[in-house]
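Novice: Heads up: the protein sequence lines correspond to chains G and Y, in order.
Heads up, the first sequence is in my numbering, so the first residue is 1028 and it goes up one at a time.
Heads up, the second sequence is in my numbering, so the first residue is 495 and it goes up one at a time.
By construction, the Cβ of each residue, glycine as well, lies at the ideal position given by its N, Cα and C atoms.
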Amino acid sequence: MSKVGIKSYSYCLNHAPETGSHYGGTPWEAIHSGKEQEYLDALPKHLQSYDHALHYAPNQTYIGGISYEEFEAIPAPWVDKPLPDEKAKRYGKFGELMPEDEFLGLISACDEFELVWLEKSFAESVSKKLAEDPVITEAIVKRVVRPKNMQEFADIEKEVAERGALPLYHDNKVVGCIRMGHPTDHCLTAHVLMENLAGKASGVLALLHLLKNSGLNPLDLDFVIECSEEGAGDVGQRAGGNFAKAIAEVAGCTNASGCDVRGFCAGPVNAMINAAAQVASGARKNIAVVAGGSIPKLYMNSRDHVKKNLLALEDCVGSFAVLIVPDDGTMPVMRLDVLGKHTVGAGGAPQAVTSALTFEPLQAAGLTFSDVDRFAPELQNHEITEPAGAGNVPLANIKMIAALAVMKKAIEKADMMNFIKQHGTIGYAHTQGHIPAGVPFIGPACELIKEGKIKRAMIIGKGSLFLARLTNLADGASFLIEAPSPIEQTASVSKDDIKAMILEALSEIAGKLA
Amino acid sequence: MDLQNQQRVKDAGEKYGTDCVVILGSSDAEGAEIYAETVTAGDPTYAGPLAGVSLELPVYHVFDPIIRAECDPAAWEEQISMMEMVLDPEALAAAVKGMRDQYSKNVIE
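1) Which same chain residues, not among the five before or five after G:A1432, have their C-beta less than 7 Å away from its C-beta?
2) How would you call G:K1426, buried or exposed, if buried means at least 16 neighbouring beta carbons within 10 angstroms?
3) Return the CA-CA distance between G:P1295 and G:S1505, expressed in angstroms with no decimal places.
4) Go to G:S1505, then tell me how far its beta strand (DSSP E) extends in each direction, as first and last residue.
5) Using a C-beta cutoff of 9 Å, does G:G1416 count as contacting chain Y?
6) What are the partner residues of G:K1200, as DSSP defines its beta bridges?
7) Which residues in chain G sit within 8 Å of Y:D522, going by Cβ to Cβ distance?
8) Give the secondary structure of G:S1521 by DSSP, where H, G and I count as helix, E and B as strand, and everything else as coil.
9) Using a 10 Å radius around the Cβ and a threshold of 16 neighbouring Cβ atoms, would you call Y:V599 buried or exposed?
10) I'd like to know if G:Q1407 contacts chain Y, where contact means its C-beta is closer than 9 Å to some C-beta of that chain.
11) Give me the chain Y residues within the contact set of G:M1427, using Cβ-Cβ distance strictly less than 8 Å, ordered along the chain.
12) Could you give the first and the last residue of the continuous alpha helix (DSSP H) run that contains G:E1063?
13) Determine the contact status of G:M1485 and G:I1508, defining contact as a CB-CB distance below 9 Å.
14) If the criterion is Cβ atoms closer than 9 Å, does the pair G:Y1095 and G:P1126 meet it?
15) Would you decide whether G:A1417 is buried or exposed? Buried here means 16 or more other CB atoms lie within 10 Å of its CB.
16) Please list the partners that G:P1109 has in chain Y, where partner means a Cβ-to-Cβ separation under 7 Å.
17) Helix, strand or coil: which one does DSSP assign to G:W1144?
18) Which stretch, first to last residue, makes up the alpha helix (DSSP H) that contains G:K1334?
19) For G:D1524, count neighbouring C-beta atoms within 10 Å of its own C-beta (all shown protein chains included) and say buried if the count is 16 or more, exposed if not.
20) For G:M1221, name the three-state secondary structure that DSSP assigns.
21) Could you check what DSSP says for G:M1299 in three-state terms: helix, strand or coil?
22) Go ahead and label G:M1327 buried or exposed: buried means 16 or more other beta carbons lie within 10 angstroms of its beta carbon, across all protein chains shown.
23) Relative to the alpha-carbon of G:R1362, which residue among G:S1512, G:G1268, G:E1151 has its alpha-carbon at the smallest distance?
24) Using the C-alpha atoms, what's the distance from G:G1309 back to Y:E527?
25) Taking DSSP as the reference, what is the three-state secondary structure of G:C1286?
26) Going straight from the alpha carbon of G:G1345 to that of G:E1413, what length do you get?
27) Using the beta-carbon of each residue, which ones in chain G are nearer than 8 Å to Y:Q573?
28) In the DSSP output, what is G:H977 paired with across the bridge?
29) From which residue to which residue does the beta strand (DSSP E) around Y:L518 run?
30) In chain Y, what lies closer than 8 Å to G:M1434 by C-beta?
31) Let me know the secondary structure DSSP gives G:E1123 once reduced to three states.
32) What residues are listed by DSSP as bridge partners for G:M1528?
33) State the start and end residues of the unbroken beta strand (DSSP E) segment that holds G:K1489.
34) Residues in the same chain with beta-carbon distance under 7 Å from G:S1382, minus the five sequence neighbours each way, listed in chain order, please.
35) In chain order, which alpha helix (DSSP H) runs of at least 4 residues are fully inside the region 535–580 of chain Y?
36) Which complete alpha helix (DSSP H) runs does the region 1398–1478 of chain G hold, if anything under 4 residues is left out?
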């Protein structure tokens, strides 16, 4: 059976309310349509402070400030149940929740082309703050205060007013800007570059935390597979890539190479399978699967949050990283022989998709639904999605799995609710597209396996390919994480053994000849 | 209902009139009700092509017994029966019926 070890994982959030309220897809559309002034005027009153975001249970679950089991014990709604201060720290077991000013500094540090200008005193102030972050290297801190990235306020204002740059805000003041990459190329506008640089910067943060969590020397990282939903390119090839190498470079992984894998929200699970296959085959020594987050997804559902007088909670750019290594029998493993594959011919009916991603791979491996302790399908925080009419996504998914289990006679219909409770997962991830797609649970699943509390979890990602207008198909993929089992030792044969065998055979032949 | 789908329904409604039946597959009753209102009385959010346009089309949820009876039982079993177990078919059909009774000019007989 082919399997690989999951050595480590990291999960980070970058708080970005001011960037999001100007450049998130929904506010950006409203600003440019000119038809939704009431919503735009109201949105700032619905933003969440950094301190509130730190005390918000789903955020702390994502970065590992509280365990998944602690989170499960807190009934929703979570917005009015702030965690106690001792559980609301910036740094969790998996990563961190970085404040927005430092995120702007990190974005600037990730710029190679003088695209980001920060006002001089702001840059100096955030570089000092970033220096306190245990994963931010000295080299990164120095990059924040490179002369080419620091400008006077008047120059920033002029660049915005006259040359298509977009202002960056902190405390309601302009503190910098992102400049156009080309005067006419629509793939290199300031808005596109902002998305890409923010994706890169958040991916760097996740990779740095992965290196810290795993203890891996950056120089020993072999390969990076990046799996966000951003497209970096120019007019000749609008999503040419490559985020992976760009991220590895800033993180100091000079011996690594990398490539990007895309598939909308199914990207991360496909990237995990891709990485695991390369490590299991021996093609790579180790691979970091990394994804940065999305600025356009910030405040995606905020029209409804504003309308219903709720806090607009979609204010964090999410990121994650997972380190895949050869299985040594000591760490949780990802199986390569039990992969859910949503085929072209399967169709888009939920029943067909659920069957392809759960029942079919389990059946092929001689397993059944109840052999999986936890299913982790699409872990969107329902406190964000329900007010926008998108329902409770993880609950809807586990209900479908339970219903399929009934149809396949794996459980009784009367046991459906118990199955949902025992085998489902509660969503806690930001609505960042690929970020909630099953992968947030890799960390908690491995922790629960290490603690002996579960034996097996299934990670499921689904992608809406039709959004690109290229095909009407959806996509999906899934894999199993299991507890480690001892490595089977192949008996080795020594030279003396071979000699003895030859002598034995020769004496047998000699005996027959006699 | 997103803007592209509103446009597609508007085009079909204008071409075929109230002989054009809209079948919804929405998974929540509130959404089904809004979609049904959109294709009958007009877009209540005033954001899309059906804002202020009353097509008065006959609209049904796929779980409505009239639609279910039209479906191939084998295809239903293979494609939809699981969702029937997960969702509340009666509530969904009733939510759409409420709008149909108020605003649809034509119904399936």
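Specialist: Short version:
1) Here residue 1432 of chain G refers to the residue found at position 405 of the first sequence. Cβ neighbours of G:A1432 beyond the five flanking positions: F1396, I1438, F1446.
2) Indexing the first sequence from 1 puts residue 1426 of chain G at position 399. Looking at its Cβ environment, which holds 16 or more other Cβ atoms inside 10 Å, G:K1426 is buried.
3) Position 268 of the first sequence, counted from the first residue, corresponds to residue 1295 of chain G. Position 478 of the first sequence, counted from the first residue, corresponds to residue 1505 of chain G. Their Cα atoms are separated by approximately 10 Å.
4) Here residue 1505 of chain G refers to the residue found at position 478 when the first sequence is read from its first residue. First-last of the beta strand (DSSP E) with G:S1505: 1502–1509.
5) Locating residue 1416 of chain G in the first sequence gives position 389, where the first residue counts as 1. At a cut-off of 9 Å, the C-beta of G:G1416 has a neighbouring C-beta in chain Y.
6) Reading the first sequence from its first residue, position 173 is the one you call residue 1200 of chain G. Paired residue(s): G:H1197.
7) Numbered from 1 along the second sequence, position 28 holds the residue referred to as residue 522 of chain Y. Here the neighbours are G1416, G1418.
8) Within the first sequence, residue 1521 of chain G is the residue found at index 494, counting from 1. It is coil, neither helix nor strand.
9) The residue labelled residue 599 of chain Y in the question sits at position 105 within the second sequence. The question names Val, but residue 599 of chain Y is Lys in the sequence shown. Looking at its Cβ environment, which holds fewer than 16 other Cβ atoms inside 10 Å, Y:K599 is exposed.
10) Stepping through the first sequence from its first residue, residue 1407 of chain G is reached at position 380. Chain Y, which has no Cβ nearer than 9 Å to the Cβ of G:Q1407, makes this no.
11) As a first step, residue 1427 of chain G must be located in the first sequence, where it is residue number 400. Correct list: M576, M577, V580.
12) For this step, residue 1063 of chain G is matched to residue 36 along the first sequence. Going by DSSP, G:E1063 is part of no alpha helix (DSSP H) at all; its letter is neither H nor E.
13) Taking the first residue of the first sequence as position 1, residue 1485 of chain G is located at position 458. Taking the first residue of the first sequence as position 1, residue 1508 of chain G is located at position 481. In contact: G:M1485 and G:I1508 (Cβ atoms closer than 9 Å).
14) Translated into positions along the first sequence, residue 1095 of chain G becomes position 68. Translated into positions along the first sequence, residue 1126 of chain G becomes position 99. Taking 9 Å as the Cβ cut-off, G:Y1095 and G:P1126 do not qualify as a contacting pair.
15) Numbered from 1 along the first sequence, position 390 holds the residue referred to as residue 1417 of chain G. By the 16-neighbour rule on beta-carbons within 10 angstroms, G:A1417 is buried.
16) The residue labelled residue 1109 of chain G in the question sits at position 82 within the first sequence. Result: empty, since nearest Cβ-Cβ is about 29 Å, beyond 7 Å.
17) Position 117 of the first sequence, counted from the first residue, corresponds to residue 1144 of chain G. In this structure, G:W1144 counts as strand in the three-state DSSP scheme.
18) If you number the first sequence from 1, residue 1334 of chain G lands on position 307. Looking at the DSSP string, the run of the alpha helix (DSSP H) that includes G:K1334 is 1329–1334.
19) As a first step, residue 1524 of chain G must be located in the first sequence, where it is residue number 497. By the 10 Å Cβ count, G:D1524 comes out exposed.
20) Numbered from its first residue, the first sequence carries residue 1221 of chain G at position 194. Correct three-state label for G:M1221: helix.
21) Mapped onto the first sequence, residue 1299 of chain G falls at position 272. Correct three-state label for G:M1299: helix.
22) Here residue 1327 of chain G is taken as the residue at index 300 of the first sequence, counted from 1. Flag for G:M1327 reads buried.
23) As a working mapping, residue 1362 of chain G is identified with position 335 in the first sequence. Comparing Cα positions, the closest option is G:S1512.
24) Residue numbering aside, residue 527 of chain Y sits at position 33 when the second sequence is read from its first letter. Residue numbering aside, residue 1309 of chain G sits at position 282 when the first sequence is read from its first letter. C-alpha separation (whole angstroms): 55 Å.
25) Stepping through the first sequence from its first residue, residue 1286 of chain G is reached at position 259. It is a strand residue.
26) In the first sequence, counting from the first residue as 1, residue 1345 of chain G sits at position 318. In the first sequence, counting from the first residue as 1, residue 1413 of chain G sits at position 386. Near 20 Å, if we compare the C-alpha coordinates of G:E1413 and G:G1345.
27) Looking up residue 573 of chain Y in the second sequence gives position 79. Ordered by position in chain G, the residues that pass the 8 Å Cβ test against Y:Q573 are G1374, A1376, Q1378, A1379.
28) The question about residue 977 of chain G has no answer here: the residues shown for chain G are numbered 1028 through 1541.
29) Position 24 of the second sequence, counting from 1, holds the residue named residue 518 of chain Y. Run containing Y:L518: 516–518, per the beta strand (DSSP E) assignment.
30) For the purposes of this step, residue 1434 of chain G is taken as residue 407 along the first sequence, with counting starting at 1. Going along chain Y in sequence order, the residues near G:M1434 (Cβ under 8 Å) are S575, M576, M579.
31) The residue given as residue 1123 of chain G occupies position 96 in the first sequence. In the structure shown, G:E1123 sits in a strand (DSSP, three-state: E or B).
32) Indexing the first sequence from 1 puts residue 1528 of chain G at position 501. DSSP output for G:M1528 lists no bridge partner at all.
33) Here residue 1489 of chain G refers to the residue found at position 462 of the first sequence. 1483–1490 is the extent of the beta strand (DSSP E) around G:K1489.
34) Translated into the one-based positions of the first sequence, residue 1382 of chain G becomes position 355. Correct list, in chain order: L1431.
35) If only complete runs of 4 or more residues are kept, the region 535–580 of chain Y shows the alpha helix (DSSP H) at 559–564, 567–573, 575–580, in order along the chain.
36) 1409–1412, 1420–1434, 1443–1450, 1469–1477
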